[in-house]
Amino acid sequence: MPAHTSKLARLTFGEGGRGPSRMHPSFVKDVGLLTDLNGTNQGGAWWNFDTYITPVSQFYIRNAYPTPRPEIDPRVDPRHWRLKIHGDAVERELTLTYDDLLKMPSRSIMSVMQCAGNGRSLFWEQEDFLIEPRRVSGNGWGLGGVGMAEWQYVPINYILEQVGLKKNAKAMLFWSGVDGKAPNTESDTGRPIPISEALERGNDIGLAFKMNGMPLPADHGAPVRALVPGWCGGASTKWLTEIKIASHDFWARLNTTDHTMIGPDYPPPVASPGDEFRFIRPDQL
Numbered sequence: 504m505p506a507h508t509s510k511l512a513r514l515t516f517g518e519g520g521r522g523p524s525r526m527h528p529s530f531v532k533d534v535g536l537l538t539d540l541n542g543t544n545q546g547g548a549w550w551n552f553d554t555y556i557t558p559v560s561q562f563y564i565r566n567a568y569p570t571p572r573p574e575i576d577p578r579v580d581p582r583h584w585r586l587k588i589h590g591d592a593v594e595r596e597l598t599l600t601y602d603d604l605l606k607m608p609s610r611s612i613m614s615v616m617q618c619a620g621n622g623r624s625l626f627w628e629q630e631d632f633l634i635e636p637r638r639v640s641g642n643g644w645g646l647g648g649v650g651m652a653e654w655q656y657v658p659i660n661y662i663l664e665q666v667g668l669k670k671n672a673k674a675m676l677f678w679s680g681v682d683g684k685a686p687n688t689e690s691d692t693g694r695p696i697p698i699s700e701a702l703e704r705g706n707d708i709g710l711a712f713k714m715n716g717m718p719l720p721a722d723h724g725a726p727v728r729a730l731v732p733g734w735c736g737g738a739s740t741k742w743l744t745e746i747k748i749a750s751h752d753f754w755a756r757l758n759t760t761d762h763t764m765i766g767p768d769y770p771p772p773v774a775s776p777g778d779e780f781r782f783i784r785p786d787q788l
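Everything in the sequence shown is counted per my numbering, starting at 504 for the first residue and increasing by one.
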């Protein structure tokens, strides 16, 4: 990388990727190879990436809150973790343990994970950011909000076979019951996808339990996270505890006030009677 580009990267996005060990109370892994964005987010030092697969030590972290730890919140301890799969569009409710999941057929895929806000700071960098900041909302991502990993997961089509999908199924909600503002509190984090997406890509979408050949790290959603390749990282809900499949739509923060397209080609969404709202109000659509 040219020296002037590297200098701009460090000036704009912070030092990182070469420093000493650095522990942070919001995370479990050593973040010395990452760039500090704020209290719960660390960017990858992209100017130092030199491998096709991003090592876990260099993989960015995008958390809404500090990483849940099993010694504080037993719901993320593999021995106590449970995944509830339910809703009015399944024939049979199912609750899985971690051991149950490991016994299911799985496959691996090389897939990019990227935050929807990756490159966000370039919007204001073009407006003389280094002289007069013109911030857009959200974290100051440079180009470090992206990583490539090998994920091992149970395909969602196998899960759907176990619960029996009804013909009226419309949407699927991936939800974290533990990604809250404080340990052992209710979460407000998750995202729905259309059931058509799950059916069309049922072998690619799934429940991930390994990253780069090792058990999923705490900062990346352990013990189990959703995996939705091709969508922004926010769709791959970390610390997964619930999948709800319903005959109605779901509305949550990550598909209403965040992660939505705006402009003349994207009319505002319209809720229908019977839709489900989680930590969001109908007037926020």
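Here a beta-carbon is modelled for each residue, glycine too, at the ideal position from N, C-alpha and C.
Same chain only: Cβ atoms within 8 Å of residue i, ignoring 5 sequence neighbours per side
i, result
"residue 604", "586, 657, 710, 712 and 727"
"residue 608", "657, 658 and 661"
"residue 621", "644, 646, 647, 648 and 649"
"residue 719", "711, 712, 713, 725, 726, 727 and 728"
"residue 466", "Lying outside 504 to 788, the shown extent of the chain, residue 466 is not represented and no answer is given."
Distance, residue j Cα to residue i Cα
i, j, result
"residue 600", "residue 766", "43 Å"
"residue 632", "residue 623", "Caution is warranted here: a pLDDT of 48 is assigned to residue 632, below 50, making its placement in the model unreliable, and the coordinate value is therefore given only provisionally. Those two C-alpha atoms are separated by around 12 Å."
"residue 667", "residue 643", "43 Å"
"residue 527", "residue 534", "7 Å"
"residue 569", "residue 532", "12 Å"
"residue 560", "residue 780", "36 Å"
"residue 776", "residue 551", "50 Å"
"residue 530", "residue 553", "24 Å"
"residue 772", "residue 757", "13 Å"
"residue 653", "residue 563", "15 Å"
"residue 751", "residue 641", "30 Å"
"residue 606", "residue 764", "39 Å"
"residue 731", "residue 663", "15 Å"
"residue 789", "residue 715", "The question about residue 789 has no answer here: the residues shown for the chain are numbered 504 through 788."
"residue 721", "residue 602", "18 Å"
"residue 708", "residue 575", "30 Å"
7 Å Cβ shell around residue i - same chain, five flanking residues per side excluded
i, result
"residue 651", "555, 556, 557, 613 and 615"
"residue 679", "690, 692, 693, 740, 741, 742, 743 and 744"
"residue 787", "759 and 760"
"residue 595", "666 and 667"
"residue 762", "619, 735 and 737"
"residue 524", "533 and 535"
"residue 769", "none"
"residue 706", "658 and 660"
"residue 785", "774"
"residue 617", "648, 649, 735 and 736"
Close-in-space but distant-in-sequence residues of the same chain around residue i (CB under 6 Å, 5 per side omitted)
i, result
"residue 748", "590, 592, 593, 672 and 675"
"residue 571", "579, 681 and 742"
"residue 588", "597, 666 and 746"
"residue 669", "592"
"residue 655", "609, 611 and 713"
"residue 573", "579 and 580"
"residue 696", "675"
"residue 518", "In this predicted model, residue 518 has a pLDDT of only 45, less than 50, meaning its place in the structure is not dependable enough to derive any value."
Expected contact under 8 Å - CB spacing of residue i and residue j to nearest Å
i, j, result
"residue 774", "residue 754", "6 Å"
"residue 677", "residue 746", "6 Å"
"residue 548", "residue 537", "7 Å"
"residue 733", "residue 648", "Not really, about 16 Å apart at Cβ, beyond 8 Å."
"residue 566", "residue 598", "Incorrect: roughly 26 Å between the Cβ atoms, too far for contact."
Residue i beta carbon near the ligand PLP (any heavy atom closer than 7 Å)
i, result
"residue 671", "What this structure holds is no ligand at all, so the ligand PLP is not there to describe."
Neighbour flag for residue i against chain C, beta carbons, 8 Å
i, result
"residue 747", "Looking at the structure shown, chain C is missing, and only one protein chain is on hand."
**Report entry** Contact between the stretch 575 to 592 and the stretch 722 to 738 (3+ Cβ pairs under 8 Å)
**Finding:** Taking 8 Å as the limit for Cβ pairs, the verdict is that the stretch 722 to 738 does touch the stretch 575 to 592.
Query raised in the report: Counting Cβ pairs, one atom from each stretch, are 3 or more of them under 8 Å apart for the stretch 655 to 673 and the stretch 695 to 706?
Result: Verdict: yes, contact present.
Requested in this report: Output the residue ranges of the alpha helix (DSSP H) runs that lie fully inside the stretch 668 to 708 and measure 4 residues or longer, sorted by chain position.
Outcome: List check, alpha helix (DSSP H) in window: 698 to 703.
**Report entry** Minimum length 3: unbroken beta strand (DSSP E) runs contained in the stretch 723 to 754
**Finding:** Listed in chain order, they are 728 to 730 and 745 to 749.
Query raised in the report: Taking the runs of the beta strand (DSSP E) that are 3 residues or longer, which of them lie wholly in the stretch 511 to 577?
Result: Taken in chain order, the complete beta strand (DSSP E) segments of 3 residues or longer contained in the stretch 511 to 577 are 537 to 541 and 544 to 547.
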